[in-house]
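Report on the structure given below.
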Amino acid sequence: MLRERTNGCHPHPAHDGSRYRRRGSLVRRSGLSDHSRAADGPLRRRARRGGQRNLGRGTGRRGGWLDPRPRRPSAGSGQLCRNRRHCRRSGLPQPGHRPLAAGNLRAMGAGPRLCPHSAALRHPSHLGPRFLPSPRLPAEKHRHHFRARPAAARLSAAGLSTRSRTTRMPIRFPAPLQPGDAIAVTAFSSGVHPRLHGRLDDALNELRARGYRVVEGECLRDEKHDASAPAAARLGELRRFLFDPEIRAILPPWGGERAIELLPGLDFAALAGLPPKWIAGFSDVSTLMAPLTLCAGWATLHGPNLMDLPLKDRLFGNEALLAALETGMPPAQEPHGQYWRWDEPGRQFANRVRLLGGGSGKMEGRLIGGCLDVLASLQGTPYFDLDAFKAEPAILYLENCELAPCGVLRALAGLRLSGTLDGLSGLVLGRSGAQDAADGQALRYQDALRAALDGLPYPVVIDADIGHVPPQWSLLNGAWAVLEVFGEGRARLEQRAAR
């Protein structure tokens, strides 16, 4: 839906909110250029009808239409608009501009082709924000239309909240699942290849055995170009499940690579007004879960994926995940005695969760985090802006999937330079899923951590049961957590809703 906003428009001060007489009728000037004058012929009639339908009260019966042409170009007004038929720029007329009434924008096909000047209009949520400055116009003409607007304001067209950066979104926790509740299964990132359909069916049967009603999405049992379906199909199905009041939980089969494509099409402001539902998983699933917690206030569950349920060696993590879904909060958890790696089947390794630098320590705060590989790509965007979240003590947890030691160093250093690591009460890093450097002359994983995190004023826990090296804890984004480390291999994690 196209909506007119006025916070990006700066009408001429001489006519801001004033009235003037034209051809015997009073017309309210509402954010229009002082170079406007009446239109002629059919265009004027169409514009008047569109204004009466869409511009709302306070515009007058004949005042809800926009002038179709300027009286004269202003000095230094720049080049012609490349989308002149769709331009809604106010206060800065251009030669050849033909602004249309708001009621006619949809009929004329306005959408992604809107003029770059029209930052005051909201694009359809599925198209995402496209407020790009025109390189053909002087920079000073854009200073109050684009460049002076913070990133959070520009992306509000995607449904993000524009509340103060110092006000934390209240965290709301999904209700525990009951027998008969509907669980939607959709792959909004990677799908399930046909050769793994048997394992998927075992996971779905596990849910049915617990009394849940399973709703399979169409974007699930296929995999092409590292996705279950084109982005538009995945987005449409995810939005349908998010807004369906009958769906109580959404469990993707696993992560993948391309969940980031869906973020601009999600209306987080609308989701913030809905009862939260369970979203659970890890890897690329955290691309959706972290923004849902930060931008919509939904507590989301980072833990084993749905495709892990049939694996008997995952009982430790699966039981905690299912307990969280059924009780509303993960139980107290301690490190599993041993872990194993995908690239070394048959071998088990002693758990070495510990503080970076050794010793023992304790941290408390609200949990937020996920996969380092994908969340590092969201730094600097409203989807992973922790400033408001850190109004309370916060614990950030991260786990590495594929980044080599130098990639880990760059990702963590980037988070530190962006301020993401400032003001935390603790940082928790899961075991790395990538191969360590084999060459003795190359940078190793532990050295990369020390190089990136040295000097942080709070405890840093490494090699925790989080992420791509099983088994793993279940962590509820938004929950208040207390993590104590008693020495190498010994720790305890407790989570609750309130401090």
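FYI, my numbering numbers position 180 of the sequence shown as 180, with every residue one higher than the one before it. Using N, Cα and C, we set each Cβ at its ideal position, and we do this for glycine too. Values in this document were obtained by computation on a predicted structure and should not be read as measured data.
CB contact flag (H302, L475, <7 Å): yes
Given C406 as reference, the closest of L421, G369, A448, Q441 once Cα atoms are compared: A448
CA-to-CA distance, L396 to A497, given in whole angstroms: 17 Å
Member of V353, V428, K312, S418 whose CA lies at the smallest distance from the CA of L367: V428
Any non-hydrogen atom of the ligand NAP closer than 6 Å to A404 Cβ: Within the structure as shown, the ligand NAP is missing, as the structure has no ligands at all.
D447 (DSSP reduced to helix, strand or coil): helix
Any alpha helix (DSSP H) of 4 or more consecutive residues that is wholly inside the stretch 361-396: 372-375
Reduced DSSP secondary structure (H/G/I, E/B, other) of S134: Low per-residue confidence applies at S134: pLDDT is 35, beneath 50, and the placement is therefore not dependable, though the value from the model is reported in the following sentence. S134 falls in the coil class under three-state DSSP.
Among L355, K390, P335, Q495, nearest to T167 - alpha-carbon criterion: K390
For I466, three-class secondary structure by DSSP: coil
Per-residue burial, R564 [other beta carbons within 10 Å of its own, 16 or more giving buried]: With the chain running from 1 to 499 in the structure shown, residue 564 is simply not present.
Proximity test, Cβ basis, 7 Å: T293 and chain D: No chain D appears in the structure shown, which is made up of a single protein chain.
Terminal residues of the alpha helix (DSSP H) in which T287 lies: 286-296
Range of the contiguous beta strand (DSSP E) that encloses H302: 300-302
In DSSP terms, what G281 is bridged to: H302
Opening and closing residue of the alpha helix (DSSP H) in which L417 lies: 405-417
Contacting residues, own chain, Cβ-Cβ under 8 Å from A148 (five flanking each side not counted): Low confidence applies here, because A148 scores a pLDDT of 37, under 50, leaving its location unreliable; read the following figure in that light. Result list for A148: empty, nothing under 8 Å.
Three or more C-beta pairs below 8 Å linking the stretch 483-492 and the stretch 303-312: no
Delimiting residues of the alpha helix (DSSP H) encompassing N318: 315-327
Neighbourhood of H193 by C-beta, 6 Å cutoff - its chain only, sequence neighbours within 5 removed: E223
Boundaries of the alpha helix (DSSP H) in which G198 is found, first to last residue: 197-209
I171 (DSSP reduced to helix, strand or coil): coil
Best match in E364, W278, C219 for proximity to A324 [C-alpha to C-alpha]: W278
Endpoints, alpha helix (DSSP H) assigned at R352: No alpha helix (DSSP H) holds R352; DSSP gives it neither H nor E.
Same chain, Cβ closer than 8 Å to E392, neighbours up to 5 away in sequence not counted: R168, G365, R366, R499
Sequence-distant residues of its chain with Cβ nearer than 6 Å to A296 (five each side left out): F268, L271, A272
Cβ-Cβ distance between A184 and N477 below 7 Å: no
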